[in-house]
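Enquirer: Here it is, the structure in full.
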Amino acid sequence: MALFHYHANDCTTCFAVSLSFHPSLARRLGAQMGLLLSDTRWTADRAMESDKPLYGASLRKQVKKMEVSQHAKYTCTFCGKPTVKRHSTGIWNCKACHKTVAGGAYTVATPAAAAMRSTLRRLREIAEV
8 MALFHYHAND
18 CTTCFAVSLS
28 FHPSLARRLG
38 AQMGLLLSDT
48 RWTADRAMES
58 DKPLYGASLR
68 KQVKKMEVSQ
78 HAKYTCTFCG
88 KPTVKRHSTG
98 IWNCKACHKT
108 VAGGAYTVAT
118 PAAAAMRSTL
128 RRLREIAEV
């Protein structure tokens, strides 16, 4: 089900249309009919869609990489299920076991955290000996 807005003579008409085909095809068909598809889902292809001609290709690629990683699902370290999603900046929630974990802004585990864990493990081994 998709919600289309049709603008004519400064009045907006809103109607629902059942679309059983691919969302990108729905957007193209809606654009051809003069309609605006309003409830499309976020996908990796839509990253920075409004800023395409601006800022340069390398920055767009970096932002797309960050947006893809922050919208991805990660494996929970407690229950092992791939249900960890980003709640807000640095806060990650597991939907299966309802655990909340502090992590990076765009990924659950950062390279700095991995380096810190290995350093702490090495120091613990030295203290035990």
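Numbering of the sequence shown is given in my numbering, commencing with residue 8 and proceeding in unit increments. Every residue gets a Cβ at the ideal spot worked out from N, C-alpha and C, and that includes glycine. Computed from a prediction, not measured in an experiment: that's the story for all the values here.
1. According to DSSP, simplified to helix, strand and coil, what is residue 78?
2. Can you tell me the Cα-Cα spacing of residue 120 and residue 126, whole angstroms?
3. Once the 5 residues before and after residue 106 are set aside, which same chain residues still bring their CB inside 6 Å of it?
4. Taking 7 Å as the threshold (C-beta atoms), are residue 89 and residue 82 in contact?
5. Quick one: give me the first and last residue of the alpha helix (DSSP H) that residue 107 is part of.
6. Within the continuous beta strand (DSSP E) that includes residue 92, where are the two ends?
Expert: Judging by the given coordinates:
1. Here the question's residue 78 lines up with position 71 in the sequence shown. It is helical.
2. Mapped onto the sequence shown, residue 120 falls at position 113. Mapped onto the sequence shown, residue 126 falls at position 119. Each residue's alpha carbon lies about 10 Å from the other.
3. In the sequence shown, counting from the first residue as 1, residue 106 sits at position 99. Result list for residue 106: 85, in chain order.
4. Here residue 82 corresponds to residue number 75 of the sequence shown, with the count starting at 1. Here residue 89 corresponds to residue number 82 of the sequence shown, with the count starting at 1. Going by C-beta atoms, residue 82 is nearer than 7 Å to residue 89.
5. The residue labelled residue 107 in the question sits at position 100 within the sequence shown. First-last for residue 107: 107-109, but that is the beta strand (DSSP E), not the alpha helix (DSSP H).
6. For this step, residue 92 is matched to residue 85 along the sequence shown. Taken as a continuous stretch (DSSP letters only), the beta strand (DSSP E) holding residue 92 covers 91-95.
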